[in-house]
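This report concerns only the one structure given below.
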Amino acid sequence: MKKQFADRTLKLLTSGFGLVSALAWNELIKEIVSQYIKPFFGESSGIISLTIYAIFITALAVFVTYQLSKLVEKEAD
Numbered sequence: 001m002k003k004q005f006a007d008r009t010l011k012l013l014t015s016g017f018g019l020v021s022a023l024a025w026n027e028l029i030k031e032i033v034s035q036y037i038k039p040f041f042g043e044s045s046g047i048i049s050l051t052i053y054a055i056f057i058t059a060l061a062v063f064v065t066y067q068l069s070k071l072v073e074k075e076a077d
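Residues 1 to 77, numbered by full-length UniProt numbering, are exactly what the sequence shown covers, in order.
What follows is the structure, given as structure tokens:
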């Protein structure tokens, strides 16, 4: 029973810290887009900035997911 509680608590804490980390990265990327992309394309660059942001976030999510799945496969062997 105590082991189950510890495992679940660890998973919840890890998920919470993961969310906080993701939000921090989100703010950083938004700031980079705001400071470097918007001035390059002008004030009417809303859709371009959002597209670049979405592509970057998607690529980052795919990369992290791929790396984690490789790690899980390696541990399973």
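We put the CB at the ideal spot given by N, CA and C, even for glycine.
As the structure is a prediction and not an experimental result, all values here were calculated from the model.
Backbone CA spacing between residue i and residue j [nearest angstrom]
i, j, result
"Leu12", "Lys74", "24 Å"
"Tyr36", "Phe17", "28 Å"
"Val20", "Asp77", "32 Å"
"Ile48", "Ile32", "14 Å"
"Ala22", "Leu50", "17 Å"
"Lys70", "Thr9", "25 Å"
"Ala61", "Ala6", "28 Å"
Among the options, the one whose alpha carbon lies nearest that of residue i
i, options, result
"Ile57", "Thr14, Glu27, Lys70", "Glu27"
Rounded distance between the beta-carbons of residue j and residue i, thought under 8 Å
i, j, result
"Tyr53", "Lys30", "7 Å"
Spatial neighbours of residue i in its chain, beta-carbon cut-off 6 Å, leaving aside the 5 residues before and after
i, result
"Gln4", "none"
"Phe63", "none"
With a floor of 4 residues, list each alpha helix (DSSP H) that falls wholly inside the region 17-66, ordered by position along the chain.
38-41
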